[in-house]
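Chemist: At position 73 of the sequence shown (counting the first as 1) the number is 73 in UniProt numbering, and the numbers step up by one without a gap.
Where is the CB? At the ideal position from N, CA and C, for every residue including glycine.
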Amino acid sequence: MSLLCWDQFLLSCSLDQTIKVWVATENGNLGVTYTHNEEYGMLNLRGMHDLESKPVFLCACNDNYVRLYELPSFSEG
């Protein structure tokens with residue numbers, strides 16, 4: 001499992017095959033705002049900006065691949 005606090009996003013990934021985007025609620029707790037399902041579990045996340053300064057993140061997956069996603073759409077790059 002990995003947790004990434006980056007830009008305005010809080011992302012988590014785990015071997016349960018999900019990537020979750022979390023936001024702060026009005027009462028100060030965290031709530032899941034989006035869940036992205038993958039075929040394989042995720043081991044680690046890293047965020048960065050692409051050449052156009054758009055937020056993207058890399059996800060190391062349990063199938064020995066690294067996937068690149070654009071935020072907030074989760075389209076695979």
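In angstroms with no decimal places, state the Cα-to-Cα distance between Asp16 and Leu43.
Modeler: Each residue's alpha carbon lies about 10 Å from the other.
Chemist: Could you have a look at Pro72 and say whether DSSP puts it in helix, strand or coil?
Modeler: Here Pro72 sits in coil by DSSP.
Chemist: Are the stretch 46–55 and the stretch 18–29 in contact at 8 Å, needing three or more beta carbon pairs?
Modeler: Result no; under three Cβ-Cβ pairs closer than 8 Å.
Chemist: Leu11: buried (16+ other C-beta within 10 angstroms of its C-beta) or exposed?
Modeler: So Leu11 counts as buried.
Chemist: DSSP three-state label for Ser12, please.
Modeler: Strand, per DSSP.
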